[in-house]
């Protein structure tokens, strides 16, 4: 779990999900941690292209994140770098990967957010360390391991 | 603040390895352990054990205290908490975003089907 991985099953075909993920108009509909509005979304959707999203949270605070598209395979895969503009919240740079897989009811979306660190760390991330922290986290939280 | 990312990276790197995770879990259950106690459950030699402990020390996840001839290893939970905070923060952010993405994509799918009819 040093990469955060989330999975959603969506009742929509992969091309529609891909557009929702990669177009400025699509991004404006979902980006952000609560129901607050997206104030600005720009996306130059090509490898090396930049995106920028500004949103307001329900508590009134405004935040902006930006990044660069690293890989684009329509309608299967998007990889982008990601950081907070200004870097107050977290100065780090992350790597976000969204994979789409066609399933009978639509699309299975697998989302991964990993710290973009040096090569060594990145390789170990890719070596399959995902998900293995859960138990340890339960230890530290003093609770039972959850599923 | 560059250090923050450095630190996180080091913590995550230290946690990649199952032996090191088991060592931390062992330390979490007790108030410190000697190096031989830590080594006991694993079929690896002392040099390998010491190497793992070095990685954990670099990440600030353990501290070693020497008293006489015994070295006592203790857990230092702060880096772990920091790593967990990082993960939790992004989990909240993205989990909520992906829920709305799901709803939005499903509404676009419904519209597309209407048009196709």
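Protein chains in written order, with the working numbering: chain A, 393 to 539; chain B, -14 to 102. Glycine included, C-beta positions come from ideal geometry on N, C-alpha and C. Bear in mind the structure is a predicted one, so any value in this text is a computation, not a measurement.
Member of the options whose CA lies at the smallest distance from the CA of residue i
i: residue 87 of chain B; options: A:412, A:428, A:505; result: A:412
i: residue 22 of chain B; options: B:2, B:58, B:64, B:48; result: B:58
i: residue 401 of chain A; options: A:451, A:491, A:507; result: A:491
i: residue 489 of chain A; options: A:459, A:476, A:497, A:495; result: A:459
i: residue -12 of chain B; options: A:498, A:484, A:505; result: A:484
i: residue 421 of chain A; options: B:62, B:51, B:90, B:71; result: B:90
i: residue 6 of chain B; options: B:65, B:49, B:50, B:53; result: B:65
i: residue 431 of chain A; options: A:446, A:437, A:439; result: A:446
i: residue 425 of chain A; options: B:95, B:92, B:77, B:101; result: B:77
i: residue 42 of chain B; options: B:27, B:63, B:55; result: B:63
i: residue 18 of chain B; options: B:-5, B:85, B:-4, B:52; result: B:52
Burial state of residue i (16 or more Cβ within 10 Å)
i: residue -10 of chain B; result: buried
i: residue 408 of chain A; result: buried
i: residue 453 of chain A; result: exposed
i: residue 98 of chain B; result: exposed
i: residue 495 of chain A; result: exposed
i: residue 404 of chain A; result: buried
i: residue 515 of chain A; result: Confidence in residue 515 of chain A is poor, its pLDDT being 48 and thus under 50, which makes the residue's placement unreliable; the coordinate value appears in the next sentence. Residue 515 of chain A is exposed by the Cβ-count criterion.
i: residue 399 of chain A; result: exposed
i: residue 14 of chain B; result: exposed
i: residue 406 of chain A; result: buried
Interface residues of chain B facing residue i [CB-CB closer than 8 Å]
i: residue 398 of chain A; result: 76, 79, 80, 83
i: residue 503 of chain A; result: 79, 83
Cβ-heavy atom distance, residue i to the ligand FAD, below 8 Å
i: residue 463 of chain A; result: Absent from the structure shown: the ligand FAD. Ligands present: none.
Per DSSP, the bridge partner or partners of residue i
i: residue 44 of chain B; result: DSSP, once it has assigned bridges, lists no residue as partnering residue 44 of chain B.
i: residue 502 of chain A; result: A:399, A:491
i: residue -2 of chain B; result: Its beta-bridge partners do not exist; DSSP assigns none.
i: residue 455 of chain A; result: A:447
i: residue 472 of chain A; result: A:461, A:488
i: residue 31 of chain B; result: Partner(s): none; residue 31 of chain B has no beta bridge.
i: residue 507 of chain A; result: A:486
i: residue 18 of chain B; result: B:58
Expected contact under 8 Å - CB spacing of residue i and residue j to nearest Å
i: residue 60 of chain B; j: residue 9 of chain B; result: 7 Å
i: residue 463 of chain A; j: residue 444 of chain A; result: So it is not a contact: roughly 19 Å between Cβ atoms.
i: residue 44 of chain B; j: residue -1 of chain B; result: 4 Å
i: residue 49 of chain B; j: residue 56 of chain B; result: 5 Å
Contacts that residue i makes with chain B (C-beta to C-beta distance below 9 Å)
i: residue 424 of chain A; result: 78, 81, 82, 85
Contact list for residue i against chain A, beta-carbon separation under 7 Å
i: residue 90 of chain B; result: 402, 404, 408, 409, 412
i: residue 97 of chain B; result: 408
8 Å Cβ cut-off: residues of chain A touching residue i
i: residue 38 of chain B; result: Those do not exist, as residue 38 of chain B stays about 17 Å from chain A at its closest Cβ, beyond 8 Å.
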